[in-house]
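From first to last, the protein sequence lines stand for chains G and X.
Just so you know, we're using this note's numbering here: the first sequence kicks off at 1 and counts up by one.
Just so you know, we're using this note's numbering here: the second sequence kicks off at 1001 and counts up by one.
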Amino acid sequence: MIQLKNVERSYKTAAAQTWVLRRVNLEIREGEFITAMGPSGAGKSSLLNALALLDDQWAGEYWFRDEAVHTMKRKQRAELAKKNIGMVFQSYHLLDDLTVQENIDLPLSYKDIPRDQRQSLVADVLDRFQIVAKKDLYPNQLSGGQQQLVGIARAVIHKPALLLADEPTGNLHSAQAKEIMELFKELNQQGTTIVQVTHSDANAAYGTRTLQLRDGWLVSDTGNPGLERHEPVVTA
Amino acid sequence: MNGLRQDLNYAVRQLRSNPGFALVAILSLALGIGANTAIFQLLDAVRMRSLPIHDPKELAEVQIVGGNQGFGVTNGRYAKLTHPVWNELRKHHEPFSGVFAWDLQDQRVGQASDSHPVQGLEVSGEFFSVLGIQPWKGRLLVPGDEGDCTISRVVVSYPYWRSEMGGRELNTNATLIVNGHPAEVIGVTPPGFFGMVVGDNFDIAFPLCHPKELQAEVFDLSVMGRMRPGWTLERASAQLNAISAGLFEATAPAGYSTQAVQQFKDYKLGAFPAGAGVSWLRDEYDSSLWLLLSITGLVLLIACANLANLLLARASSREREIAVRMALGASRTRLFWQSLTESGLLAVVGTTLGIGLSQLLSRVLVWSLSTGGNSITLSTDTDWRVLIFAASVAASTCIVFGVAPALRAVRAEPVTAMKSGGRGLAGSRDRFSIQKVMVVVQISVSLVLLVGALLFVHSFRNLMTLDPGMRENATILAFVGFGDSKVPPQRYEEFKRDLLEEVRSVPGVIDAATTTTVPLLGGSWTHNISIGSSEGPSKFVWVSPDYFKTMGIPIRSGRGLNANDTGTSPRVALVNQAFVKQFLGGANPIGQTLRTGPEPQYPSTVYEIVGVVPDTKYSCLACGIPPQTFAAASQSPNQHPWTWMMIHGDPSLAVAIKRRIAEKHPEIVIQPSDFQQDIRDGMVRERLLAMLSGFFGFLAALLAMVGLYGVMSYSVARRRSEIGIRVALGAARKQVVGMVMREAAYLMFIGVVIGSILSLLAGRSAGSLLFGLNSYDPLTLLVSVVLLGLIATAASLLPARRASKVDPMVALRYE
C-alpha cells in the first residue's frame, strides 16, 4: 500500500539542523495494524505526519498504491489524503462550536457529497459507534472517551483506506483506552489499515507489527527482521 | 517608586516590541483627540467665547425684534438700525449706563492708485469707554472726535500697528493717508482687542461721521450698550419696547407708501445679548461646525472602539504571561498596577500627540475658512476643557479595556490560566463577542461618515459644476470709484461709458459692461413692482447695454438695451423668465409695462418690457432664481460716483486694466478681481464640509479597516488550531479563506444594516447643507456600502490568506 524510500525530515534552526527522520525505508501492506513506538523525540509523530501528508517538507520517495506521492504537487497530495487517509489525534481536536453530528460531518463537508448523502453517512456512523443519543451534544458535554470515539467516527466517516492515530489513548484512562483499542481492532478487521503511535505496550499488543524509532532512525521493525541497524548520528 | 520605574520600563519595552500595536493605538488616540479638540476650539472661538472686554455679559445689542424685513436699504452685514434711530437712542437709553454705535466700512489706505483696502471700524465716541478698552499707545476716540465725514484721525489695532507701522512710537507725524486724505494716528488698541466681529480683526477705527442729510431708510449701524446694574435683558427689552412707538414715529423716512411707512412705525426694539460679539462665521458656519463636531465625535468613537479591540486582544494574549508571573510570586495588586502603567503610558503618549495634532488641525481649519480677499483671525489657543474631555474619554477607554481584562486574568487561578494560555487558543467566547460588537459599531459608524462625506463631496461638485446661466470664467470683476475725479453727477453715466471704452482698449479685453449689483456674490437689490393686476418684489439691476453680451446671457425674445436708451428716452427693461412666470403667468411680456413702488431717491417709475432673458442665478449659486428686472444704467434714478464693471477677458489682464485707468485717472480707485475665484471663495462652507467630511470619512473607514483587520487577525490566531484541524480533515485553502471571509462578511452585513439606518436618520440633519441632491440619496448609500465592502474585503483578505497558510502540523503541535 505505502512504500517509503529513504525518507528524511529535518528542521533548520539558527544554530543547527535537527533531523527528525533519517533515511526511513518502510513498506506498509493493506490490512496491517502497525504500531510506532519510541521515546519522546524519536520521530514517531513526524513519521505519522509524513504518512498523513500533513507534512510535505520531507525528502525521499513516498509511494501510495503505486502512485509517486513525492512527485505530486501540494494540491494533488491534499486530494489523495482527503480520499484515503483518516486521522485520530491524542487531544481529539473536536471543534468546540460544532455538535457531535456536525463534527463527524466535517470531512464530508469538504467533499462534493450531496447533503442528503452526507446526512445518511453521518447517521450510519453515529449508529455504528452507538453515539446517536449524543449527536446534538457539544464536545465539552462529553467525557474524554466519548470525545475520542467521536474523533474516530469523524476519521472513518469517509471510509479511509489508511487510519493514522497519534497516541489515541494518551488522554484516556485505561478502561476508556481499552474500549478505543477494541474499536481500532474491529476497524482493522473490517479492512482498514492502521498506523498508531503509542507509548503503551498494551496498546501495541493490538497491532500486528511494531516499529521502533530512535532519534529519527527506524531501528527495528517486527515486520522486517532483516532491517539494517543504524547508529544514531547527531549532526551539528 | 522602584516598582513604578520598573513597570514603566517594562511598559516602554512592551510598546517597542509591538510597534504595530503601539502605532495603531497611539495614532487612533491622537487622531480622535486631535480632531475633536480642533473642531471644538473653532466652535468655541466662533460661538462660545466672550469678547475680550470688561464684563462682557453686561453688553447688549439693540435690535428691531424680527429684523427690518427687507425695508429700505441694509448697508452692512451687521447693520441693524438707522442713523436717526441711533441719535434717538443716544438720548434715551435708560437701561444702559452707556451706548455706542459702530459699523464696518472698508477704507483705502495709501496714495490713490497704490492704495490698498483696510478693515475699517466706524465708531461713535463712546465705543471704547463703554467697552472698557484702555489704549495701548496714545489715546482712543472720544465723542469730541465725531463729526467730520472726512477721516482725519484714526486709532489703529495692535496687529496693524505692528505689521504696517513697524510698532513705532506715535507722534504728530504718525499719519496714514486714508481715502486720499491724511489722518492722524492718535492711538493703538491693546493686543487682544479685535473689534466687535469674531473672526475679523479691524485695522483702523475712525469716528462716526455725521452726514449732512440723514438717510432715514438706510440701516447702517449696530447699536450696543452696557446694561446698568440690576437691569436684565428682559427688563431692558420691555423698556425699549415701550419707547419704540415714539422713536420710530420720530424717525420714519419719507418717500415710501403709507403702508410701508406704517411697517416702519410698527417696529419694536429689543435688547439681545452681545457679550460674544457678532460673527458672520457664527451665522454661516454654526450648523456646519456642530455637524463637523458630531463627525469628529464619531471618529473618536471609532478610535476608542479600535483601542478597545486592540487592548482586549492584547490582554487576552497575555493571560499566560500573567499566570506565569503569578506562579512566580507576583501579587495581584502589583500585576494590576503593571497593566495600569502600560495603559496609562499609551494614553499619555496618544494624548500628547493629540494636542500637537489639534493645534495643526485648527490652524488648517482657520486657513481653509479664509479666502483670497477675506482672511480670518481666530484665536486657536488650546481649549483645555475640550482637550481634557477628549483625553479623558480616550484615556478611560485605554484604561478600562487595558486593565479590565488584566484584572480578570489576575483573578483567575494561575494553573487554569497557564493551561489555557499554554494552548494559546482557548479564550472565552464572550470577550471575543465584545470585539465583534466593536467592529460592528465601527463599520456602522464608518458607513454613516462615508455616506456623509460622499453627500457633501457630491453637493460641492454639484455647486462647482452648476451652470448659473452666465459666464463665470474669463471674467474680471472690478469696483471702480471716481469720487475724487470731480465729475458732476449729471455726467456720471457719460464718464462710466468713457471708462468702459478705456477698459475695452486694453489688448485682450473682449467686452466690458457696468452693473449696479454683482450677481452670485451675495448682493441684492429689490423693488416692489406692479404689473397689470400682479404685484410683488422683483430684483432690480441697472446695467450698461453690453452687459448681456459680456456675461454671455442670450436675449430670449424682444431686444436688448442700446445706446438709444438714454436718461431722456422712455424707461425700458428686460425681465427674466421667472418674472414672466410669476407676474404674467407665462404670457408674452413684450410691450407690457411695470411700475416700481416709491422709495426715497427711487420715485415710482414705469418701465416698458422690451426683452426677455433666460433665468440666471442671482445672489448665490445655491440660491433660488427670483424674478429679475434689468433696466438701463443710463435711466437709473440714482447715479453714484462708483460702479461695478464686468469685463470679459483673461483675469491676468487685471493689472493692465488697472494700469490703463491709472495712466489717465490716477485718482480713480479700481479693485479688479477674478470673478470665478470670487464665486468660489463664497463656497467656503461647502468646500470646508466636503473637505473635512471627506477627510474624516476616509479616516473613519481607515480606522474601521484597521479594527476589522485586527479582529480578523486575532480571530485567525485564536482559531489556528481549529483551522489546522480543518485542513488536516481535508479543507482546501480556498475553503479556509472563504470561512474567514464569511465571518468578516457577517460582521460587515450587520454593520451595514445598522449603518444604513443611522445614515438615513443622520441625513435629515444635513439636508439643509446639501445642494442638488437628496439626503436620502440611494446611490450615495450604495456607493458607500460598496466602498466599505472593498475596504472590509481588503482588511480581511490578509488574515484570511494567513489562515489559509496555517500549517496543520504546526497548529496541531500547540496541543
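Cβ atoms here follow ideal geometry from the backbone N, Cα and C, with glycine treated the same way.
In this text the structure is predicted, and so the values were computed from the model without any measurement.
Next item on the list: Could you list which residues in chain X have their beta carbon closer than 7 Å to that of Leu95 of chain G, in chain order?
Entry: The contact set of Leu95 of chain G on chain X, defined by CB atoms closer than 7 Å, consists of Glu1722, Ile1725 in chain order.
Notebook entry, point to check: Hey, is Met1741 of chain X's beta-carbon within less than 8 Å of any beta-carbon in chain G?
Noted result: With 8 Å as the cut-off, Met1741 of chain X does not count as an interface residue toward chain G.
Next item on the list: Please say whether Tyr1158 of chain X and Pro1190 of chain X have beta carbons closer to each other than 8 Å?
Entry: Closer than 8 Å, so yes.
Notebook entry, point to check: In chain order, what residues of the same chain lie with their CB nearer than 8 Å to the CB of Tyr1267 of chain X, ignoring the 5 residues before and after it?
Noted result: So the list reads Ile1064, Val1065, Asn1068, Ser1244, Phe1248, once near-sequence residues are dropped.
Next item on the list: For the region 1681-1695 of chain X, enumerate the residues whose C-beta is nearer than 8 Å to any C-beta of chain G, in chain order.
Entry: Residues of the region 1681-1695 of chain X whose Cβ lies closer than 8 Å to any Cβ of chain G: none.
Next item on the list: At 8 Å on the CB atoms, spell out the chain G contacts of Met1809 of chain X, in chain order.
Entry: Listed by position along chain G, the residues whose Cβ is nearer than 8 Å to that of Met1809 of chain X are Asn49, Leu54, Asp55.
Margin query: Would you call the region 1691-1699 of chain X in contact with the region 1291-1309 of chain X, where contact means no fewer than 3 C-beta pairs closer than 8 Å?
Written below: Short answer: they touch.
Notebook entry, point to check: When we look at the beta-carbon of Val1439 of chain X and count the other beta-carbons within 10 Å, is it buried (16 or more) or exposed?
Noted result: Flag for Val1439 of chain X reads buried.
Margin query: Helix, strand or coil, according to DSSP, for Pro1019 of chain X in the structure here?
Written below: Pro1019 of chain X falls in the helix class under three-state DSSP.
Margin query: Does the contact criterion of 3 or more C-beta pairs under 8 Å hold for the region 1076-1085 of chain X versus the region 1226-1242 of chain X?
Written below: Too few Cβ pairs lie closer than 8 Å, so no.
Next item on the list: Run down chain X in chain order and give the residues with a C-beta less than 8 Å from the C-beta of Ala78 of chain G.
Entry: Residues of chain X passing the Cβ test: Gly1730, Ala1732.
Next item on the list: Only counting runs of 3 or more residues, tell me where the beta strand (DSSP E) segments fall wholly within the region 1568-1636 of chain X, in order along the chain.
Entry: If we require 3 residues or more, the beta strand (DSSP E) runs fully inside the region 1568-1636 of chain X come out as 1572-1576, 1593-1596, 1606-1613, 1628-1632.
Notebook entry, point to check: Roughly how many angstroms separate the alpha carbons of Ile1723 of chain X and Asp221 of chain G, rounded to a whole number?
Noted result: In a straight line, the C-alpha of Ile1723 of chain X is about 35 Å away from that of Asp221 of chain G.
Note to self: I need the boundaries of the beta strand (DSSP E) containing Asp1103 of chain X, first residue and last residue.
What the structure shows: If you look at Asp1103 of chain X, you'll find it in the beta strand (DSSP E) that goes 1096-1104.
Check: Where do the N-terminal and C-terminal ends of the beta strand (DSSP E) with Glu1061 of chain X fall, by residue?
Finding: 1059-1064 is the span of the beta strand (DSSP E), which, as asked, contains Glu1061 of chain X.
Check: Apart from the five residues on each side of it in sequence, which residues of its chain come closer than 8 Å, Cβ to Cβ, to His1181 of chain X?
Finding: Non-local C-beta neighbours of His1181 of chain X in its own chain, meaning closer than 8 Å and more than five positions away in sequence, comprise Thr1150, Ile1151, Ser1152, ordered along the chain.
Margin query: Tell me the residue span of the beta strand (DSSP E) that contains Ala1183 of chain X.
Written below: DSSP places Ala1183 of chain X in the uninterrupted beta strand (DSSP E) bounded by 1181-1188.
Next item on the list: Would you verify that the beta carbon of Ala1803 of chain X is, or is not, closer than 8 Å to some beta carbon of chain G?
Entry: Ala1803 of chain X does not count as touching chain G.
Check: So is Tyr110 of chain G in contact with chain X if we call contact Cβ pairs under 8 Å?
Finding: The beta-carbon of Tyr110 of chain G is placed less than 8 Å from the nearest beta-carbon of chain X.
Check: In its own chain, which residues sit with a C-beta less than 6 Å from the C-beta of Leu1345 of chain X, not counting the 5 before and 5 after it?
Finding: Excluding residues within five positions, the ones whose Cβ falls inside 6 Å are Ala1011.
Margin query: Using 8 Å as the threshold, is the C-beta distance between Gly1138 of chain X and Pro1598 of chain X below it?
Written below: Their beta carbons are not under 8 Å apart, which means Gly1138 of chain X does not touch Pro1598 of chain X by this criterion.
Next item on the list: Specify the secondary structure class of His1527 of chain X as computed by DSSP and reduced to three states.
Entry: In this structure, His1527 of chain X counts as strand in the three-state DSSP scheme.
Next item on the list: Throw me the rounded Cβ distance for the Glu1126 of chain X and Phe1100 of chain X pair, which I believe falls under 8 Å.
Entry: Rounded to whole angstroms, the Cβ separation of Glu1126 of chain X and Phe1100 of chain X is 4 Å, and the two are in contact under 8 Å.
Notebook entry, point to check: Considering only residues of the region 106-166 of chain G, which uninterrupted beta strand (DSSP E) runs meet the minimum length of 3 residues and lie entirely inside it, listed in chain order?
Noted result: Those beta strand (DSSP E) runs which fall completely within the region 106-166 of chain G and span 3+ residues are 162-166.
Next item on the list: Please decide whether Gln1735 of chain X counts as near chain G, where near means a Cβ-Cβ distance under 8 Å.
Entry: Chain G contact via Cβ: present.
Checklist line | 8 Å Cβ cutoff met for Trp1542 of chain X and Thr1516 of chain X | finding: Against a cut-off of 8 Å, the Cβ pair of Thr1516 of chain X and Trp1542 of chain X comes out as a contact.
Next item on the list: Mind reading off the beta-carbon distance from Gln101 of chain G to Val122 of chain G? Whole number of angstroms is fine, and I expect it under 8 Å.
Entry: About 6 Å separates the Cβ atoms of Gln101 of chain G and Val122 of chain G, confirming a contact at the 8 Å cut-off.
Check: Between the region 1728-1745 of chain X and the region 1798-1805 of chain X, are three or more C-beta pairs nearer than 8 Å?
Finding: Touching, yes, given that three or more Cβ pairs across the two stretches are closer than 8 Å.
Item checked: Residues, ordered as in the chain, of the region 103-134 of chain G that lie near chain X by beta-carbon distance below 8 Å -> Correct list: Leu106, Pro107, Tyr110, Lys111.
Notebook entry, point to check: Under a three-way DSSP split, which group does Gly226 of chain G fall into?
Noted result: If DSSP states are grouped into helix, strand and coil, Gly226 of chain G belongs with coil.
Margin query: If we define contact as Cβ-Cβ less than 8 Å, is Phe89 of chain G a contact residue for chain X?
Written below: Chain X has a Cβ within less than 8 Å of the Cβ of Phe89 of chain G.
Next item on the list: For Arg1559 of chain X, count neighbouring C-beta atoms within 10 Å of its own C-beta (all shown protein chains included) and say buried if the count is 16 or more, exposed if not.
Entry: Per the 10 Å Cβ criterion, exposed.
Notebook entry, point to check: Leu1747 of chain X versus chain G: which residues are under 9 Å apart at the beta carbon?
Noted result: Going along chain G, no residue has its Cβ under 9 Å from Leu1747 of chain X, so there is no contact; the nearest lies around 16 Å.
Note to self: Rounded to whole angstroms, what is the Cα-Cα separation between Ala191 of chain G and Ala161 of chain G?
What the structure shows: Here residue 191 of chain G is Gly; the residue named in the question, Ala, does not match the sequence. Rounded to whole angstroms, Gly191 of chain G to Ala161 of chain G spans 8 Å at the Cα level.
Next item on the list: Identify whether Ser1534 of chain X lies in helix, strand or coil by the three-state DSSP scheme.
Entry: Assignment of Ser1534 of chain X by DSSP, reduced to helix, strand and coil, places it in the strand class.
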